[in-house]
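For reference, the structure discussed in these notes is given below.
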Amino acid sequence: MNMSELFVKERFSWRSLGWLLLYFWFFSCALQLVIVLTGHSGTTGLRDSLLYSLLWLIPVFVFPARTKIISSVLGILLWATSLIALGYYSIYKQEFSQSVMFVMFESNSKEAGEYVSQYFSLKVLAILIFYTLIVGFLWRKVRPVYLPLKYKVTVCTLIAVVLFGVPLYKKMHNEGETLAEASGYLASRMSTTAPWQYIAGYVEYRQQLESMTEMLKQNAALPPLANLKDANGDTPRTLVLVIGESTTSSRMSLYGYGRQTTPRLDALRKSDPNLVVFNDVVTSRPYTIEILQQALTFADEQQPDLYLTKPSLMNMMKQAGYKTFWITNQQTMTKRNTLLTVFSQQTDEQFYMNNQRTQSARQYDDVVFAPFEKVLTDPAEKKFIVVHLLGTHMKYKFRYPEDATKFVGREGIPDGVSDSDVEVYNDYDNAELYNDYVVETLIRTFEKTQPNGFLLYFSDHGEDVYETPPHTVLGRDESAPTRTMYTVPFILWNSPQWQKDHPIDYAPYVDRKYSNAHLLHTWSTLAGLSYDLQEPGKSLVSPAFRQSERWIGDPYSKKGLRTFDSLPYTAGGK
Numbered sequence: 003m004n005m006s007e008l009f010v011k012e013r014f015s016w017r018s019l020g021w022l023l024l025y026f027w028f029f030s031c032a033l034q035l036v037i038v039l040t041g042h043s044g045t046t047g048l049r050d051s052l053l054y055s056l057l058w059l060i061p062v063f064v065f066p067a068r069t070k071i072i073s074s075v076l077g078i079l080l081w082a083t084s085l086i087a088l089g090y091y092s093i094y095k096q097e098f099s100q101s102v103m104f105v106m107f108e109s110n111s112k113e114a115g116e117y118v119s120q121y122f123s124l125k126v127l128a129i130l131i132f133y134t135l136i137v138g139f140l141w142r143k144v145r146p147v148y149l150p151l152k153y154k155v156t157v158c159t160l161i162a163v164v165l166f167g168v169p170l171y172k173k174m175h176n177e178g179e180t181l182a183e184a185s186g187y188l189a190s191r192m193s194t195t196a197p198w199q200y201i202a203g204y205v206e207y208r209q210q211l212e213s214m215t216e217m218l219k220q221n222a223a224l225p226p227l228a229n230l231k232d233a234n235g236d237t238p239r240t241l242v243l244v245i246g247e248s249t250t251s252s253r254m255s256l257y258g259y260g261r262q263t264t265p266r267l268d269a270l271r272k273s274d275p276n277l278v279v280f281n282d283v284v285t286s287r288p289y290t291i292e293i294l295q296q297a298l299t300f301a302d303e304q305q306p307d308l309y310l311t312k313p314s315l316m317n318m319m320k321q322a323g324y325k326t327f328w329i330t331n332q333q334t335m336t337k338r339n340t341l342l343t344v345f346s347q348q349t350d351e352q353f354y355m356n357n358q359r360t361q362s363a364r365q366y367d368d369v370v371f372a373p374f375e376k377v378l379t380d381p382a383e384k385k386f387i388v389v390h391l392l393g394t395h396m397k398y399k400f401r402y403p404e405d406a407t408k409f410v411g412r413e414g415i416p417d418g419v420s421d422s423d424v425e426v427y428n429d430y431d432n433a434e435l436y437n438d439y440v441v442e443t444l445i446r447t448f449e450k451t452q453p454n455g456f457l458l459y460f461s462d463h464g465e466d467v468y469e470t471p472p473h474t475v476l477g478r479d480e481s482a483p484t485r486t487m488y489t490v491p492f493i494l495w496n497s498p499q500w501q502k503d504h505p506i507d508y509a510p511y512v513d514r515k516y517s518n519a520h521l522l523h524t525w526s527t528l529a530g531l532s533y534d535l536q537e538p539g540k541s542l543v544s545p546a547f548r549q550s551e552r553w554i555g556d557p558y559s560k561k562g563l564r565t566f567d568s569l570p571y572t573a574g575g576k
């Protein structure tokens, strides 16, 4: 072979680069492309997997003569890890995440085997075989890509800087985060790319597990409630607490909204006198974790840290002799949701239904029905069940099936809502409509068991979806509050047996001004529990109720609190 022939053989080839890119992209991007095309989630995962798959170009650029060997070794690793992720998605329609690892490690091998045997099918096997055949085809197309030394160094350095240097610099220098925080962000960016989804997922899982374990130790060390008494004695009963998400009452026809977004609850209210709708309940914080720190504990806006030093609602119910259950469609093991998992771990049995990598993915609340039916048949004499919904959380179009779409076009939408915002406005109303189906189904399912007990439903906070004039606000912002961010549904259904044994006339109570920061006191009255820390004046259904200021805002911020009733009906609450 002469020098000219050697030069031709080793010159740069765009075709070879193209096949090499397709080969490495396929392992991570194939699944992400399916996710985007099926409307399961947005394009962020696809973008990140495209970027971080470029990392595998570095070794083949540095050692082009060993391209086949390197691509084979890497290919086996990437194939095996991506195959697991694809199989998991094919079965559960969820991306692999640290939440999956949490559930895996919380389950025993028998349970894991039951899941596999129940869901694995010939269809899934065919998908995995077809996927493997494509990998084999792409590997056969892999050829070396030869770069001159100066371009080799430049390209490899550029890849490393873009993938790692830029994100770390942006987080640490521009946003002032620590190296650990910036590294956590980087791990989350890489979590769509094989095999990093397992490495990043495990690191995040361990971090959140350590945090959760420490909180559980602190909770276990808390003294029990002094002089706790149960007026209902040992009478068999089942009490259910349903926690909604991002659902504002002002967008529910049950509360007078023009569009019929709650037809099932509307009909139930007319036909069943045991359904009680409270008309003027607000939340104290427009964020899930912050309000549940108060609603499920003795904390409130005036004493926000009591959730650390006093028992929670779950502790109280266990002390009262209830077998306790937690069913959730919220994400499980994320940095943001660790406290929710701590609350859930305070119960006897947990059902984690949402292991999605991101909150912005299609995940419907009907997944809570099966575990709810299961725990209702538990033989325990006294049961306390918490059902935590995903409700109407952003992105709203991911909260309901496409065939459940009812609201389209501008009919019923304020004139001030721009044409570009109409779709999101409708998505939220469709999410409210689906939430109506979920809540009513939970009530009907509970009713079918002929229980002695009650079901209480409230939403953690509201959401302003172009509702407040001039119809430009979307979401929640404590620094620029509007009323619709805080107005929430608060609904009680008593079983006929419970109403017979507890003949309360709720009519004088339904228009009381109330904050769900004091939920624990209302629950105590409903459940017939008394103890030294109880304050009947903070109970919505107590004759001793005392109207007090409904504080909202950040209690840890200087001058962060204001009263809800001081908010005007203009955008931004100013």
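Counting from 1, position 335 in the sequence shown corresponds to residue 337 in this note's numbering; the numbering is continuous, with no gaps. Here a beta-carbon is modelled for each residue, glycine too, at the ideal position from N, C-alpha and C. Since the model is a prediction, treat every value here as computed from it, not as a measurement.
Suppose you measure from the CA of residue i to the CA of residue j; what does that come to, to the nearest Å?
i      : j      : result
LYS219 : ASN518 : 27 angstroms
ALA128 : MET318 : 50 angstroms
ARG412 : VAL424 : 7 angstroms
ASP405 : SER43  : 17 angstroms
ASP302 : ASP479 : 19 angstroms
GLU247 : PHE448 : 20 angstroms
LEU135 : LEU392 : 38 angstroms
ALA196 : GLN304 : 47 angstroms
GLU116 : PHE566 : Caution is warranted here: a pLDDT of 48 is assigned to GLU116, below 50, making its placement in the model unreliable, and the coordinate value is therefore given only provisionally. Distance between the alpha carbons of GLU116 and PHE566 is about 50 angstroms.
ASN110 : LYS515 : For ASN110, the predicted structure reports a pLDDT of 47, less than 50, and the residue's modelled location is therefore unreliable. A value from the coordinates is still provided. Approximately 47 angstroms between the Cα atoms of the pair.
LYS450 : THR407 : 28 angstroms
ASP421 : PHE26  : 41 angstroms
GLN452 : ARG271 : 19 angstroms
MET355 : ALA433 : 19 angstroms
ILE93  : PHE139 : 25 angstroms
TYR508 : SER544 : 10 angstroms
THR489 : ILE554 : 11 angstroms
ASP584 : PHE409 : Since the first residue of the chain shown is 3 and the last is 576, residue 584 is not available in this structure.
GLU177 : TYR187 : 12 angstroms
Run through the DSSP bridge pairs and tell me what residue i is partnered with.
i      : result
ASP380 : Paired residue(s): none; ASP380 is not in a bridge.
LEU243 : VAL388 and LEU458
ASP466 : GLY477
GLN499 : None; GLN499 has no bridge partner.
ARG68  : For ARG68, which the question treats as bridged, DSSP gives no partner whatsoever.
GLN452 : BP columns for GLN452 are empty, so no partner.
THR326 : PHE386
LEU531 : ASP232
Should residue i and residue j be called a contact, given that it needs their Cβ atoms to be closer than 8 angstroms?
i      : j      : result
SER15  : VAL147 : yes
ARG253 : THR263 : yes
MET192 : ALA184 : no
ALA202 : SER190 : yes
THR180 : GLY464 : no
TYR366 : PRO403 : yes
PRO472 : GLN321 : no
GLY455 : VAL242 : yes
ASP556 : THR285 : no
TRP58  : LEU76  : yes
ALA82  : PHE98  : no
SER541 : LYS231 : no
THR474 : THR486 : no
THR330 : SER346 : yes
PRO538 : ALA546 : yes
Does the beta-carbon of residue i, which I'm using as the reference point, lie nearer than 7 angstroms to any heavy atom of the ligand PLP?
i      : result
GLN304 : Summarising the ligand content, the structure contains no ligands, and the ligand PLP is consequently not present.
Run through DSSP, which three-state label would residue i get?
i      : result
ASN428 : helix
ARG421 : First, the amino acid is wrong: residue 421 is Asp here, not Arg. DSSP places ASP421 in helix when its eight states are reduced to three.
LYS363 : Correcting the residue type first, residue 363 is Ala in the shown sequence and not Lys. Three-state DSSP puts ALA363 in a strand.
VAL278 : strand
TYR488 : coil
GLU375 : helix
SER568 : helix
GLY555 : strand
ASN229 : coil
GLU351 : strand
TYR148 : coil
*Cβ contact (3+ pairs, closer than 8 angstroms) linking the segment 27-34 and the segment 144-157*: no
*Segment contact, 8 angstroms Cβ cut-off, at least three pairs: the segment 512-526 with the segment 289-304*: yes
*Quick one: any contact between the segment 221-228 and the segment 304-318, if contact means 3 or more CB pairs under 8 angstroms?*
yes
*With a cut-off of 8 angstroms, do at least 3 Cβ pairs link the segment 270-281 to the segment 490-499?*
Here the segment 270-281 makes contact with the segment 490-499; the two share three or more CB pairs at distances below 8 angstroms.
*Touching or not, the segment 228-245 and the segment 377-394, by the rule of three or more beta carbon pairs under 8 angstroms?*
The segment 228-245 is in contact with the segment 377-394.
*Please confirm if the segment 440-447 is in contact with the segment 367-380, defined as three or more CB-CB distances below 8 angstroms between the two stretches.*
yes
*Segment contact flag, the segment 325-334 with the segment 350-357, C-beta cutoff 8 angstroms, min 3 pairs*: yes
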